[in-house]
Amino acid sequence: MSKDIQVSTSHKGDIAVISIKGDVTAMTGEVIGNAYQSESVFDSPKILLQFDKDCYINSGGLASLIDIASEGRKKEQKIHAYGLSDHFQKIFHMVGLTRCIPIFSSEEAALEDF
Amino acid sequence: MEQLVELKLPNILGSEKVAIEKAVTIAEKMGFSMDKIEDLKTAIAEACINAIEHGNKFDENSQVGITFASDDTSLQVVVHDEGDGIDPKKIPKDRVDKDGLPRRRGYGVFLISNLVNEFSIEKKPGKGNNVKMLIHLNR
């Protein structure tokens, strides 16, 4: 099984940015979960998920993102996303993930709306 | 004339990517739009993952069979597992939990049914299950 995922974290002011490139699956979801749980991100009130447009996301990966959305809601964090391909934007809408992680067309738009 | 392609995949998560690559090759040759190809990729991936996880229950001695049958107007994909499969009645219909969040699991069949034109699950006691998906070129 490919574990091809690259996840990094950074900050833009008070916004924690998690950059995700590669396969978002049940097996790689842990890598994203670990980035979210890292000290500098977990306590941030605002989190931006920056997806690469070539990301592959399956139902196992969606479950990992739902875990983050669930935890974020408990902690009253605002979580935004951008960079997803049109197809995975559609998938996010289909499963209802956009109700807790709104998707934006650009990084600027995602940052401005916090 | 109907064209048939058959694949046998190891029952390991990740092997669905082989099926996705084959589907893309066939769908591009048939002239499917990029949107439909993306839908097909996700539908096939989810059917294979369900076969590996729920059908064959991660048994590495089992296989996942995939048949692509195409004609001038549509592509039918059948994903076969060797186990008991998913009982469609047990798939939660409510997609939101009590807190208004999407449910964590159970999206495979939901996504497939929303991404292809026709979809069915055929259970064959003792012989596994077939998930049939039909996607039309122009509908």
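Residue numbers (the numbering used here), protein chains in the order written: chain L, 1 to 114; chain W, 1001 to 1139.
For every residue, glycine included, the Cβ atom is placed at its ideal position computed from N, Cα and C.
Quick caveat, the model's predicted, so the values are computed rather than measured.
- Taking a beta-carbon distance threshold of 8 Å, W/Thr1025 does not count as an interface residue toward chain L.
- In the structure shown, L/Phe114 falls within a coil segment according to DSSP collapsed to helix, strand and coil.
- Of L/Ser8, L/Leu62 and L/Asp54, the smallest CA-CA separation from L/Val41 is found for L/Ser8.
- Annotation: the stretch 18-78 of chain L contains the following complete segments of the alpha helix (DSSP H) (minimum length 4 residues), in chain order: 29-37, 39-42 and 59-74.
- Looking from the CA of L/Leu62, the closest CA among L/Pro102, L/Gly29 and L/Glu39 belongs to L/Gly29.
- For the stretch 68-90 of chain L, the set of positions with a beta-carbon nearer than 8 Å to some beta-carbon of chain W reads Ala69, Ser70, Arg73, Ser85, Asp86 and His87 in chain order.
- L/Glu107 and L/Gln50 do touch by the CB rule: their CB atoms are close to 7 Å apart, below 8 Å.
- DSSP places W/Ile1037 within a helical segment (H, G or I) once states are collapsed to three.
- Spatial neighbours of W/Leu1134 in its own chain (CB-CB distance under 7 Å, excluding positions within 5 residues in sequence) are listed in chain order as Ser1074, Gln1076, Val1116, Asn1117 and Glu1118.
- Within chain W, the residues placing a beta-carbon under 7 Å from that of L/Ile66 are Leu1101, Pro1102 and Arg1104, ordered along the chain.
- Taking one beta carbon from each stretch, the stretch 1089-1099 of chain W and the stretch 1043-1054 of chain W have fewer than 3 pairs nearer than 8 Å; the two do not touch.
- In the structure shown, L/Ile91 falls within a helical segment according to DSSP collapsed to helix, strand and coil.
- For W/Asn1130, the enclosing beta strand (DSSP E) has its first and last residue at Gly1128 to His1136.
- In this structure the stretch 54-69 of chain L touches the stretch 12-29 of chain L; the number of beta carbon pairs closer than 8 Å is three or more.
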